[in-house]
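Only one structure is covered here, and it is reproduced in the block below.
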DNA sequence: AGCCGCCATGTGAACGCTAACAATGCCGTA
DNA sequence: TACGGCATTGTTAGCGTTCACATGGCGGCT
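Chains as they are written, first to last, in our numbering: chain X, 6 to 346; chain H, 6 to 346.
See the structure below:
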């Protein structure tokens, strides 16, 4: 049994294909890389040999010589949330059609250190670019330090980001829903905010605040939540005690869910006594009791756009810093109405 | 400027480190791989040089020669759902500490063909093992064909799987909740099932059915849902028309949410008129109106266990076919009570 | 006919790392 | 003193690709 006798026992390599097709390994490589200068007949023989041997190119060898890993990294904080999970899905779909693999790194906590760890982890893997799904402010800071080695695109980060970013126009969404409630005739609109460490929360807060100011409406004290239904519930208990409250805008749908329950327990009719609106339009939102008026974000689209931007940077080599704002859409359901009387 | 003058302009490689430390590249390699036979003093010099140059080993080169990519693949169908998303998170955490990278492939649809595509995609990336998060029956079938090249572990698949698997004991969970409702005094329990193409749905159905049979309770017609709140809502509209219904077990929490809304709209009190239970214990479940009695699954734990099993297979080389069932836990909340009267 | 140029293919040398083996130096022991 | 053995380090040869360049054949032009 000499070295060149057969490929039995080990995975076939390019040379095996070449031998079977009666060409040089380089010609096989040409076929694999769609080089134009290969005779059709030769190409066919090579392709046939490839199928015959069930040959698969070795990605490590290719990566070594081309210096391209064909891999993108995704850093995310809490993939359990509906938003990040949907984005991840959109990203993977888009990456596939752009010819990239997707590798993930989840952050355990949100400090700059974890972010740096995650980036290094991806870096060690030789990713060609990174998408960051961490819309928190601290993350943005962390990002500024780390980047520079590979292209980075932030998804869901506000305009503060020092890297190219795509985000939903949270401010516009918040304005739309607040405006809508005021137009219904409410004297003012209360707000249950997300954690102030999140850019989305800040933007939504800012949009709400600006709209009230423009309308000359009084600005009630902000209730601080943490995105969870629990925090919305707690906010609801507080608001239920105040008879002045007729409209509440929650910074996300989960908090709105908790709020609905609290108001319900407190015997407040929705929307009869109090109108409630959320943000996100999670799939369940239309099945809340009552169905929730909210602001729809297309997370999948966001992921796809971010990926496009990243690929452009990688392949175009440009290091521009574009910023894309995807407009959200107000979705009206039964949890909001004109105030009583 | 000769070739060996400096590392300016290109990324440092092992030889650069070696030169700076005054050793051979092999010694650098030894330090990097924690070889025991390196003098402390030498090791220090090498480490210092590594830091000095900010040297990073080239993973492609290492993968090429070791024939190990240090990468695991995760195939998932709908990462948007709470379950898969949580598992993914658990997996990534566990993979990191086991020294692996995680690469993902999402299925666009559920046929064997897509599954095969996803597996090939991961295969091309030279993953050392694959975790499949597709609890659907068709996926299991697809799996049987593809596997063989690399170790595969299915997560969330039932005992039908031809590969090692970890899953929640859906049947036991369904039995527990059904038993509980019967013990409260309900004559029987209605069931809103998940799609029959899902193993989890089948197992929950089977557990419910078996418990009714054991108790000698009549088995009402099953309502078929698709996991969505919408389908639960539709089931709720139907059930609301039947005055005999006093207890409903929904195969997941989202459907329970829709069901709650339908019953609520139909003027049925919960749990006064009808008790409702779900399955999963998503974070929002305790904020439904009323808070939902359900069966808790620890998805993160499931992911971690699956990863452990996979790593064992890869590193141990054994190809055993263990099957792990993680017991779920019944969580009692206010949506269930003894029947009226 | 002779020559140029293009097309199709082959040859050799990287890419950056680890594995296998060789070489060196130092120790203790016979 | 000589020698075996161990700890430490160096040398060489791949791993499986792609890249750069060399080669050979063929047609069209002068």
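Built from N, CA and C at the ideal position, the CB exists for glycine as well.
- Query: Since residue 129/X meets chain H, which of its residues come closer than 9 angstroms, beta carbon to beta carbon?
  - Reply: 61, 62, 64 and 106
- Hey, is the segment 300-312 of chain X in contact with the segment 95-104 of chain X, meaning 3+ C-beta pairs nearer than 8 angstroms? When C-beta atoms of the segment 300-312 of chain X are compared with those of the segment 95-104 of chain X, three or more pairs fall below 8 angstroms, so the two segments count as touching.
- the segment 195-208 of chain X contacting the segment 228-247 of chain X, beta-carbon criterion three pairs below 8 angstroms: yes
- Task: Could you check the C-alpha separation between residue 238/H and residue 254/H for me, to the nearest Å?
- Result: 14 angstroms
- Item | Given residue 75/H as reference, the closest of 60/H, 128/H and 35/H once Cα atoms are compared | Taking only the C-alpha atoms, the option nearest residue 75/H is 128/H.
- Contact with chain H by residue 256/X, beta-carbon distance below 8 angstroms: no
- Task: Determine the burial state of residue 15/H: buried for a count of at least 16 other Cβ atoms within 10 Å of its Cβ, exposed for fewer.
- Result: exposed
- Query: What does a CB cutoff of less than 8 angstroms around residue 345/H pick up in its chain, not counting 5 residues either side in sequence?
  - Reply: In the same chain as residue 345/H, and ignoring 5 residues on each side of it, the C-beta atoms closer than 8 angstroms to its own belong to 251, 277 and 278, in chain order.
- Query: Looking at chain X, which residues of the segment 261-277 of chain H have a Cβ within less than 7 angstroms of any of its Cβ atoms?
  - Reply: Residues passing the 7 angstroms Cβ filter: 262, 263, 265, 266 and 269.
- Message: On the DSSP bridge list, what partners appear for residue 134/H?
- Response: Note: residue 134/H is bridge-paired with 77/H in the DSSP secondary-structure output.
- Which value, in whole angstroms, describes the spacing of the CA atoms of residue 183/H and residue 268/H? 20 angstroms
- Note down, in chain order, every chain H residue with its Cβ under 8 angstroms from the Cβ of residue 233/X. Ordered by position in chain H, the residues that pass the 8 angstroms Cβ test against residue 233/X are 288.
- At least 3 beta-carbon pairs within less than 8 angstroms: the segment 29-37 of chain X vs the segment 16-30 of chain H: no
- Query: Whose C-alpha, out of 72/H, 24/H, 296/H and 289/H, is nearest the C-alpha of residue 282/H?
  - Reply: 296/H
- Task: Work out the CA separation of residue 179/H and residue 335/H for me, nearest whole Å.
- Result: 9 angstroms
- Query: Taking only beta-carbon atoms, is residue 69/X less than 8 angstroms away from chain H?
  - Reply: yes
- Query: Going by beta carbon distance, what residues of the same chain come within less than 6 angstroms of residue 7/X, once the five residues before and after it are set aside?
  - Reply: Residue placement at residue 7/X is poorly supported in this model, since its pLDDT is 31, which falls under 50; the coordinates still yield a value, given next. Closer than 6 angstroms at the Cβ level, and outside the excluded window around residue 7/X, lies no residue.
- Message: Quick check on residue 24/H - is its C-beta less than 8 angstroms from some C-beta in chain X?
- Response: no
- Message: Nearest by alpha-carbon distance to residue 23/H: which of 132/H, 138/H, 38/H and 54/H is it?
- Response: Ranked by Cα distance from residue 23/H, the options 132/H, 138/H, 38/H and 54/H are led by 54/H.
- Please decide whether residue 121/X counts as near chain H, where near means a Cβ-Cβ distance under 8 angstroms. no
- Anything in chain X within Cβ reach of residue 111/H, meaning under 7 angstroms, just list it in chain order. Correct list: 94, 97 and 98.
- Message: So residue 284/X contacts chain H; which residues on that side make the cut at Cβ distance below 9 angstroms?
- Response: Near residue 284/X there are no residues of chain H at all, since even the closest Cβ is about 15 angstroms away, more than 9 angstroms.
- Message: Cβ closer than 9 angstroms: which chain H residues qualify as neighbours of residue 74/X?
- Response: 64 and 65
- Task: Report the rounded CA-to-CA distance for residue 294/H versus residue 265/H, giving the unit in angstroms.
- Result: A direct Cα-Cα distance of roughly 8 angstroms separates residue 294/H from residue 265/H.
- Test: residue 259/H CB closer than 8 angstroms to a CB of chain X: yes
- residue 158/H vs residue 330/H beta-carbon contact at 8 angstroms: no
- Task: Determine the extent of the beta strand (DSSP E) in which residue 109/X is found, giving its start and end residues.
- Result: 106-111 is the span of the beta strand (DSSP E), which, as asked, contains residue 109/X.
- Item | Unbroken stretches of the alpha helix (DSSP H), 4 residues or longer, contained in the segment 33-99 of chain H | 45-58 and 64-71
- Message: At the 8 angstroms Cβ level, is residue 6/X part of the contact set with chain H, yes or no?
- Response: The predicted model places residue 6/X with a pLDDT of 32, which falls under 50 and marks its position as unreliable, so this point remains unresolved.
- With distances taken between CB atoms, is the gap from residue 205/X to residue 140/X smaller than 8 angstroms? Yes; because the gap between Cβ atoms is below 8 angstroms, this pair is in contact.
- In the structure shown, what three-state DSSP assignment does residue 298/H receive? In the three-state DSSP reduction, residue 298/H falls in the strand class (E or B).
- Task: Say whether chain X places a C-beta atom closer than 8 angstroms to the C-beta of residue 298/H.
- Result: no
- Flag residue 294/X as yes if its beta-carbon sits less than 8 angstroms from any beta-carbon of chain H, otherwise no. yes
- Message: Counting C-beta neighbours from all protein chains within 10 Å, is the total for residue 40/X 16 or more, i.e. buried, or is it exposed?
- Response: exposed
- Rounded distance between the beta-carbons of residue 134/X and residue 319/X, thought under 8 angstroms: Yes, they are in contact, since the Cβ atoms of residue 319/X and residue 134/X sit about 5 angstroms apart, within 8 angstroms.
- residue 88/X to residue 261/X span [Cα, whole Å]: In a straight line, the C-alpha of residue 88/X is about 16 angstroms away from that of residue 261/X.
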